[in-house]
Amino acid sequence: MSNRDMALMAHLIRRAGFGATRDELEEYLTKGYETVVEELLHPSDSALRSIPDDVLRRFHQNMGEMRNIDGVACYWMYRMINTRCPLEEKLSLFWHGLFATGNSKLSSPMSLLNQIDTFRRHALGPFATLLIELSKDPAMIMWLDNNDNHKGATNENYGRELLELFSMGIGNYTEQDIKECARAFTGWTVGNAEYNAVRANKDSIWPYSRYAWHFEYRDYDHDDGIKTFLGEQGRFNGEDIIDIIVRQQATAHFICTRLFQYFGADQVDQDGEQVIQEMVNSYFESGYEIRPVLRTLFNSDYFKSEKARFARVKGPVELVIGAMRLAGTYRKPTMNVEQLTKYTGYMGQTIFQPPSVEGWHEGMEWIDSGALVERVNFVGKELSNVKNPGMRQMIDRLASERGGTFSPEELVDRCVDLLGPIPVADDTRASLVEYTARQGVLHLEGHQPGDESEQRVGDLVRLVTATREFQLA
Amino acid sequence: MTSDSRNPALVVIQLTGGNDPLNTFIPYGDGLYYDFRPNIAIPPEEVIPIDDQFGFNPNLRTIKELWDQGKVAIINGIGYPNPNRSHFRSMDIWHTCEPDKVGTEGWLGRAIRDLDPRGENVLTGVNFGRGLPRALGCRGVPVASVGELETYGLFPDIQDELLRRYALEAFGKMYGGAQGRDVVIDFLGQTGNNALKGADILRTAPQKYSSSVEYAQNPIAQNLKNIAQVMFADLGTRIFYTQHGNFDTHSGELKGRGKHAKLWQEVAPAVGDFYADLKEHGREQDTLILIFTEFGRRIKDNGSGSDHGSGGTAFVIGGAVRGGMYGEFPSLKEEDQLIGDLQANNDFRGTYSTILERWLGLEAATVVNGQFEQFELIPKR
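If you're matching them up, the sequences are chains A and B in order.
Counted from 1, the first sequence has number 242 at position 234 by this note's numbering; the numbering is strictly sequential.
Counted from 1, the second sequence has number 17 at position 28 by this note's numbering; the numbering is strictly sequential.
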């Protein structure tokens, strides 16, 4: 295997997942790029995807009943760290950002978790199925008021966002289309909707405590009249509307662009437009499925090229999960698990609490001075701790090379390689070398856990994770 | 007016979670208050009256003392049209001044930009707490977010002072190098440098500080102490922000050591101590404190607490304040309610505008997205 292959595999796993340790990357490399892409695209083929549910919930008090939003958010973050199907979680995070649903209005963490399960089940299949399941998802129904969308008294919230934010993008339909769309979704509600609405607003256990939400279709409340939607006419119900939506050129372009920005590059340039067009073609050729679209992206020359490397600012969740995976921590039930969601919050992203239905503003918007300090400190602290399993692996690997002796230049080059590889700029590298050169040549021979020689590696790793380059994926 | 040319400072205290206005500044002379709140009303004998109609919650004693000195403006019935009862959304509206669509710029972020258009001082706005509140967010406007002042900055986990200095030096070089390569890398570089610069300056503040005031050991008291330290160090900070919570008292609001009581037992003395500190350092004429929350709570109690409502109470406190009640106290009568809530009668953007124009000397309309009626609660500077 060449360094080029390693860099490409690391790139794929950073994008299609949350990054991987060197040991994991080597394992991926033995399979080859295309095979790994296929594996990632078929998560259900993996028997054991993550830590078993009962282990997670038994040992984490606040996950027990899935009532507490922080507990539920951590539960999902745990799965992201431990999954063997990283694309499944990464893609679910994408849909959570696109179909952004927030607990603030729902007060029902369990329903949000169920929504993520729905994403897992349908994330890679036909887009129509995903949208239909989304339209039936109780958390979404309550979030965008479809429980208030009645025959003869429509509430357009869901109908509008379905078109604007979830499928076609603004400017590709009329206000009349929104009204007709809303009419088609009348009667799509949750069981006992009236009580749930009150409960969600009050968030108290009175009068009947909490219970699971479920979708309910009320035929008597459905407007069965003729509708004209995007130039087509009929007694459309919600499924028919979605069937029309997924056939639109605008939908294909909107979804493929969003997927490109999430997996490919924050900024779409001319070459990017070309890849998006190829993704759009795959979408139509496959009969509107997501899996072929991602296959086209991951196998494209653009995605594999230098141009796509580090062309995204890591989002807070992505950053933290990636760092924990490198550190090898949170692989077993852990005491301070709440800090995961707290810290991503400090960095500007709390799972299940998007700022609005538009989700998070990504790319450069993730960065402000407060957030950057939090990013650097949290990641640096976790990865400079030489007692963490991931760091132990790295140190053992270093100790086995070159007789455990490294000049400052060699040490910096090995560390940026093993943490990525990250192609740091020359001046960044020079600063790192200068920093570690203060203590001269490193001798790891005879190293003991946590001793001075090991801590030197930890101190350098802290600084590597503080680089501008490390903020990018 | 100030005796010297010191720039006026604004301190914003956010009460997160929806502070219950009716149990904070209490219409104890109105029988309806007791009718609607059989379980959580503050008994009349416990209220600290300002007249035969209104009085403070007993836990706001220190605020009442400032009221007696004429330093407190109480803004009743503050809110906005079509109130939203989601914490997140309502807080967002207060932060961005955009009730109808999702805004991206915070009002104080804009104010900081207007105060320091070229971003010369990275400490014009400082938040005390973790994570940047949306109110302070504005693209390209540097704002420091300080968890603990003593340990604030990069790499607080490095124990060895020398090693930390080396790490900070290296960070400065790594973020300072090679601008012009790439817009994202440049932006990261500038942001990192701002963070570093801000931290360097801020760290000096506690050493310069001395005071006879002893703040309590709770987060709001410590945050206000940090604010005092930074303010007295004269680093050019104009806007200070902090928050305390959680005021979301759906249950257990009053019982025993109720949540609402406990929270105010922390906030009110902290504000009192902070004010005393301001006085000790001759700053009370140059400092304005705004205390707000994202919404009020339902008029009727729910058995042991109160649910999300609208129409709240805000406080503006400072040496320059013309003490008194502003805004009308909303009627509790059933026919005057807004589906069980207090009707707001003044837009929070009016209070913001008052502060922006009269206190900070800025043009308010572009910051708060419109013209709103102002209060005469402070003289124009």
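We put the beta carbon where it would ideally sit given N, CA and C, even for glycine.
These figures come from a predicted structure and were not determined experimentally.
Item	Value
Interface partners of I375 of chain A on chain B, CB under 7 Å	F176, L177 and T180
Counterpart residues of K235 of chain A in DSSP-defined beta bridges	A:G242
Runs of beta strand (DSSP E) wholly within the region 342 to 384 of chain A (minimum 3 residues, chain order)	none
Pairwise C-alpha distance: I64 of chain B and M343 of chain A	44 Å
Option in B:F45, B:D40 and B:D41 with minimal Cα separation from P10 of chain B	B:F45
Own chain residues within Cβ distance below 6 Å of M(-10) of chain B, not counting five before or after	Reliability fails at M(-10) of chain B, whose pLDDT of 37 lies under 50, so the model's placement of it is uncertain and the value that follows must be treated cautiously. Answer for M(-10) of chain B: no residue qualifies.
Backbone CA spacing between S290 of chain A and V283 of chain A [nearest angstrom]	11 Å
Backbone secondary structure at F236 of chain B - three-state DSSP	coil
Cβ shell of Y36 of chain A (< 6 Å), same chain only, five flanking positions each side left out	M17 and V44
Cutoff 8 Å; reference D(-7) of chain B; Cβ partners in own chain excluding five residues on either side	Low per-residue confidence applies at D(-7) of chain B: pLDDT is 46, beneath 50, and the placement is therefore not dependable, though the value from the model is reported in the following sentence. Answer for D(-7) of chain B: no residue qualifies.
is_contact[V132 of chain B, chain A] using C-beta, thresh 9 Å	yes
Burial state of S10 of chain A, where buried means 16 or more other Cβ atoms lie within 10 Å	exposed
Contacting residues, own chain, Cβ-Cβ under 8 Å from K395 of chain A (five flanking each side not counted)	P457 and G458
Close Cβ partners of Q7 of chain A (< 7 Å) along its chain, the five nearest in sequence each way excluded	Limits of chain A in this structure are 9 at one end and 481 at the other, which puts residue 7 of chain A out of reach.
The beta strand (DSSP E) enclosing F304 of chain B, as first and last residue numbers	G301 to G307
V44 of chain A (DSSP reduced to helix, strand or coil)	helix
Classification of N393 of chain A by the beta-carbon crowding that lies within 10 angstroms, buried from 16 upward	buried
Cβ pair W196 of chain A, S116 of chain A closer than 9 Å	no
Per-residue DSSP class, three states only, for G44 of chain B	strand
Any 3 or more C-beta pairs closer than 8 Å across the region 319 to 329 of chain B and the region 295 to 302 of chain B	yes
Terminal residues of the beta strand (DSSP E) in which E273 of chain B lies	Counting along the chain, E273 of chain B falls outside any beta strand (DSSP E), and DSSP gives it neither H nor E.
Distance, Q123 of chain A Cα to A354 of chain B Cα	41 Å
Of the listed residues A:D185, A:A190 and A:G133, nearest to L238 of chain A (C-alpha basis)	A:D185
Option nearest R311 of chain B by Cα separation, candidates B:K162, B:W56, B:L191 and B:S200	B:W56
8 Å contact criterion, which N48 of chain B and A250 of chain B should meet: CB distance rounded	5 Å
Chain-order list of residues whose beta-carbon lies under 7 Å from that of G72 of chain A (same chain, five-residue window excluded)	R65
Proximity test, Cβ basis, 9 Å: N183 of chain B and chain A	yes
Start-to-end residues for the alpha helix (DSSP H) that takes in V424 of chain A	P416 to L426
When B:D223, B:R287, B:T343 and B:K268 are compared against N(-4) of chain B, the one with the closest alpha-carbon	B:D223
Where M(-10) of chain B falls: helix, strand or coil (DSSP)	Low confidence applies to M(-10) of chain B: its pLDDT is 37, below 50, so where it sits in the model is not reliable enough to give any reading.
W196 of chain A (DSSP reduced to helix, strand or coil)	strand
Under 9 Å from the C-beta of H369 of chain A: neighbouring residues of chain B	T93
Backbone secondary structure at Y155 of chain B - three-state DSSP	helix
Partners in chain B for P120 of chain A, counting only beta-carbon separations shorter than 8 Å	For the sequence presented, residue 120 of chain A should be read as Leu rather than Pro. Going along chain B, no residue has its Cβ under 8 Å from L120 of chain A, so there is no contact; the nearest lies around 14 Å.
Coarse secondary structure for I101 of chain B, derived from DSSP in three states	helix
Separation of F263 of chain B from L213 of chain B, as counted between CA atoms	6 Å
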